[in-house]
Ligand SMILES: O=C(O)CCC(=O)C(=O)O
Ligand SMILES: [Fe+2]
């Protein structure tokens, strides 16, 4: 069974139901051509200066780079995409706050083997979260087409409900094949991995943007990955999501219990330390 595909106009209820059932879901052709062109023109110069990984999990012919909020400003609209944030807020609905976990371009080069199948939530030091309790929600935006040949992400459908610490095989997976401009959403609990790129001349470019519960540590440290000069130019919703807010009632304040956003945009600060309710 393959992954379920939805149009960009799909309701949050339908997308969320499929995500909970299968652990992953594809939304087709969310981005238009001009937006994709803008993203590519910002990503390509950084990619040209990026070296491949130095170990198998990162990929010896896979180039990865982060700090996308600062380096590739067009990705901010992906981070803030309303449907993605709605689905994430549902998945993590009992969290006081959600936050940006990482931003990373993942460019799988020609003749790359498949990445080992894993759960992204293993990043939390392999803590075994209870089955059914999700701690993160992930996206990979297709900047090029994702095909069976060029390294489309592999997913073990429904494995979000399975036991932890399993060793699953490529033969258990299906490809998250999709056109450029589409996005695969997947939970931290679903088993998946970067696919093998068996082409001689294609690079598969994806933008991995993930979110987690505000009381967990971020995979990419947003306070240091994005300079304070850049942060001071960002609007409140993005800064709050980057972690310039409290993660829960008593988590993440500064000095005299002040709102952390005071450091970069004092005009947005308030006594609660969260985005003001609309
Ligand atoms: O690039 C991909 O398709 C997936 C990469 C991945 O799962 C990871 O690096 O954790
Ligand atoms: Fe992963």
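Residue numbers (the numbering used here): 29 to 306.
Where a beta carbon is used, it is the ideal one built from N, C-alpha and C, also for glycine.
Counting along the chain, residue 280 sits inside no alpha helix (DSSP H), nor does DSSP assign it H or E at all. Closest in alpha carbon position to residue 37, among 57, 118, 270, is 57. Residue 132: member of the beta strand (DSSP E) spanning 126-136, first to last residue.
When Cβ pairs closer than 8 Å are counted between the two stretches, the region 288-296 is seen to touch the region 247-264, the count reaching three or more. Comparing alpha-carbon positions, the option among 214, 185, 197, 170 lying closest to residue 206 turns out to be 170. Within the model, the alpha-carbon separation for residue 104 versus residue 280 is close to 23 Å. In chain order, the residues positioned with their C-beta nearer than 5 Å to some heavy atom of ligand 1 are 134, 181, 222. For residue 148, the distance from the CB to the nearest heavy atom of ligand 2 is below 6 Å.
Under the three-state reduction of DSSP output, residue 164 falls in the strand class. Using a Cβ distance threshold of 7 Å, residue 161 and residue 196 do not count as a contacting pair. Membership of residue 33 in any alpha helix (DSSP H) is not indicated; the residue belongs instead to the beta strand (DSSP E) covering 33-35.
For residue 272 and residue 150, the gap between their C-alpha atoms comes out near 25 Å. C-alpha of residue 43 to C-alpha of residue 90: approximately 30 Å in a straight line. Taking a C-beta distance under 7 Å as the contact criterion, residue 221 and residue 179 do not qualify as a contact pair. Between the region 199-214 and the region 85-100 there are fewer than three C-beta pairs closer than 8 Å, too few to call the two in contact. Around the beta carbon of residue 305, a 10 Å sphere encloses fewer than 16 other beta carbons of the protein chains shown; the residue is thus reported as exposed. Following the DSSP letters along the chain, one finds residue 93 inside the beta strand (DSSP E) bounded by residues 90-93. One thing to note: residue 129 has its Cβ no nearer than 7 Å to the Cβ of residue 300. In the structure shown, the three-state DSSP call for residue 219 is coil.
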